[in-house]
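Here is the structure we will look at, set down as structure tokens.
Protein chains in written order, with my numbering: chain S, 1 to 218; chain P, 1 to 206.
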């Protein structure tokens, strides 16, 4: 399992691994928003938590079609399916590798980009906390979507359409927690629900992903 | 423990391709599958490897004992030869990759990125992967594609070494591998009758 994690991280960091893709997209979205809606700090600070969350979610979505498609094309998935490692564990590891290379950089970059959007002072902590709690769910759900569309050529469109509705609960509670935090209100209810969603998806989704992947490999 | 297959019916894309397949493979033996293109060799091998369920019939002695190799080698272009082999070795709980490098003469290439290898060299690396799995039953789908005569001989020697160690091999191929001791099975005789759709509807709708 460690070997698989290490291999995925190495591949992501080497040329053509797509490590910076999500991060660059996140940066572009948040830099462009002030140009689009105007530079008034009052407007920006109201929408900042929501924009940052949507940007992180779309950045995550962007990298999903590489998650399993490359391994499918070169036969790695066939060989992993016949290896002693259970497919559920292999997919959990791949989701973890995806989070470490996509989700975690977004969490770390979010406070810096918050400055660009005049995020109010108390919001930074809760923005980071809500993203740290929510982005693992995005990776795990995304792995399910990638497993579902694995054999389909250019499955990126279908993948996005399938995964977006599953992302909505995470977005609602994540952005709500960040928004309440920015307004100086108590964000704990939203954070608890967000943590609940993340834990439930981490516990259950790998089984669903492995089941659909086995069908996809037939 | 022999690999034994009894009365297997297999479908590809919902259409049965093979029916009544029975065979048995003892440790230390190799079986070469022959048959024209589209006769179901790949389907049979994928089913034995556990990648696809059969429509009916039983497979014994295959679970967690099969090392499967097909047209795609599961190699990453941006990893070196050593990194690729070490990864597969640790997935299968093995450590030593030197035997595999030795058998396919890959020592000189071991620091090269797999993406820079020629097709034949990639294939050799893909086959070397079998040696680091430690699995007793090799299930190989056209293993010699893009290999030159010298590499085919390396492959035959590797298979022979595997058989001598008590392993067994099931190989689908169109060429002569120089494995005179291997049994040969022509799977054309298991061909399902045209239009037979026994139990196919389930598959078609999945």
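Note that the Cβ used here is the ideal one computed from N, Cα and C, for glycine as well. Just so we're clear, the structure is a prediction, and the values are computed from it rather than from any experiment.
Burial state of residue 37(P), where buried means 16 or more other Cβ atoms lie within 10 Å: Exposed, because fewer than 16 other Cβ atoms sit within 10 Å of the Cβ of residue 37(P).
Distance, residue 183(P) Cα to residue 217(S) Cα: Going from the Cα of residue 217(S) to the Cα of residue 183(P) covers about 30 Å.
In three-state terms, what does DSSP make of residue 39(S)? Note: residue 39(S) maps to coil in three-state DSSP.
Would you kindly work out how many angstroms separate the C-alpha atoms of residue 204(P) and residue 52(P), rounded to a whole number? Low confidence applies to residue 204(P): its pLDDT is 44, below 50, so where it sits in the model is not reliable, and the reading given next is rough at best. The straight-line gap from Cα to Cα measures roughly 14 Å.
Can you list, in chain order, the residues of its chain whose CB lies under 6 Å from that of residue 171(P), leaving out five sequence neighbours each side? Result list for residue 171(P): 32, 140, in chain order.
Spatial neighbours of residue 39(P) in its chain, beta-carbon cut-off 7 Å, leaving aside the 5 residues before and after: The answer, listed in chain order, is 187, 188, 191.
Min CB distance residue 81(S) to chain P below 8 Å: In terms of beta-carbon proximity, residue 81(S) lines the interface with chain P, with at least one pair separated by less than 8 Å.
CB contact below 8 Å: residue 65(S) versus chain P: Put simply, the CB of residue 65(S) is far from chain P, with every gap to its CB atoms at 8 Å or more.
For a minimum of 4 consecutive residues, which ranges assigned as the alpha helix (DSSP H) are wholly contained in the segment 87-121 of chain P? Fully enclosed alpha helix (DSSP H) runs of no fewer than 4 residues occupy 98-103 of the segment 87-121 of chain P, in order along the chain.
Taking only beta-carbon positions, decide if residue 101(P) is within less than 8 Å of chain S. By the rule that beta-carbons nearer than 8 Å mark a contact, residue 101(P) does not touch chain S.
From residue 6(S) to residue 163(P), what distance separates their C-alpha atoms? Residue 6(S) and residue 163(P) have their alpha carbons spaced roughly 33 Å apart.
Which term fits residue 22(P), buried or exposed, when burial requires 16 or more other beta carbons within 10 angstroms of its beta carbon? Counting Cβ neighbours within 10 Å, residue 22(P) comes out exposed, since fewer than 16 surround it.
Against chain P, does residue 201(S) count as a neighbour if the rule is that its beta carbon must be under 8 Å from one of theirs? Judged by the 8 Å Cβ criterion, residue 201(S) is not in contact with chain P.
Per DSSP, which one or two residues make a beta bridge with residue 34(P)? According to DSSP, residue 34(P) bridges with 186(P).
What does DSSP give as the partner residue(s) for residue 99(S) in the beta ladder? For residue 99(S), which the question treats as bridged, DSSP gives no partner whatsoever.
Any beta carbon of chain S sitting closer than 8 Å to that of residue 55(P)? By this cut-off, residue 55(P) is not an interface position.
So, do the segment 12-23 of chain S and the segment 155-173 of chain S have three or more beta carbon pairs nearer to each other than 8 Å? No, because fewer than three Cβ pairs between the segment 12-23 of chain S and the segment 155-173 of chain S fall closer than 8 Å, the two stretches do not touch.
May I ask you to verify whether the segment 144-156 of chain P touches the segment 194-212 of chain S, counting CB pairs closer than 8 Å and requiring at least 3? With the cut-off at 8 Å, the segment 144-156 of chain P and the segment 194-212 of chain S do not touch.
Does DSSP classify residue 149(S) as helix, strand or coil? In the structure shown, residue 149(S) adopts coil according to DSSP, grouped into three states.
Classify residue 60(P) as helix, strand or coil using the three-state DSSP reduction. Look at residue 60(P) here: in three-state DSSP terms it is strand.
Would the beta-carbon of residue 146(S) fall within 8 Å of that of residue 64(S)? It is a contact, given that the beta carbons lie within the stated cut-off.
Between the CA atoms of residue 92(S) and residue 127(P) - distance to the nearest angstrom: The C-alpha of residue 92(S) is placed about 28 Å away from the C-alpha of residue 127(P).
Cβ contact check for the segment 73-86 of chain P and the segment 42-50 of chain P: 3 or more pairs under 8 Å: Too few Cβ pairs lie closer than 8 Å, so no.
Within the same chain, show all residues whose beta-carbon is closer than 7 Å to that of residue 115(P), passing over the 5 residues directly before and after it, in chain order. Excluding residues up to 5 positions away in sequence, 77, 78 lie with their Cβ nearer than 7 Å to the Cβ of residue 115(P) in the same chain.
Of all the options 213(S), 119(S), 151(S), 167(S), which has the alpha carbon lying nearest to the alpha carbon of residue 141(S)? The shortest C-alpha separation from residue 141(S) is found at 167(S).
Can you name the start and end residues of the beta strand (DSSP E) that residue 169(P) belongs to? Element bounds for residue 169(P): 168-172.
Could you confirm whether any beta carbon from chain S is found closer than 8 Å to the beta carbon of residue 78(P)? Under the Cβ criterion of 8 Å, residue 78(P) is counted among the residues facing chain S.
Three-pair Cβ contact test at 8 Å for the segment 167-182 of chain S versus the segment 42-55 of chain S: The segment 167-182 of chain S, when compared against the segment 42-55 of chain S, does touch it at the 8 Å Cβ threshold.
Is the segment 99-108 of chain S touching the segment 124-138 of chain S in the sense that three or more CB pairs, one from each, lie closer than 8 Å? These segments touch.
Contact with chain P by residue 165(S), beta-carbon distance below 8 Å: Put simply, the CB of residue 165(S) is far from chain P, with every gap to its CB atoms at 8 Å or more.
Where residue 20(P) sits in the DSSP three-state scheme: Annotated three-state conformation of residue 20(P) is strand, per DSSP.
Could you check where the alpha helix (DSSP H) with residue 162(P) kicks off and where it finishes? Run containing residue 162(P): 149-164, per the alpha helix (DSSP H) assignment.
9 Å Cβ cut-off: residues of chain P touching residue 15(S): For residue 15(S), the neighbours in chain P by C-beta distance under 9 Å run, in chain order, 78.
Where does residue 133(P) sit, in a helix, a strand or coil, going by DSSP? Assignment of residue 133(P) by DSSP, reduced to helix, strand and coil, places it in the coil class.
Comparing the C-beta of residue 64(P) with each C-beta of chain S, is any distance below 8 Å? Answer yes: the Cβ-Cβ gap between residue 64(P) and chain S drops below 8 Å somewhere.
Does chain S have any CB closer than 8 Å to the CB of residue 93(P)? For residue 93(P), the closest Cβ of chain S is nearer than 8 Å.
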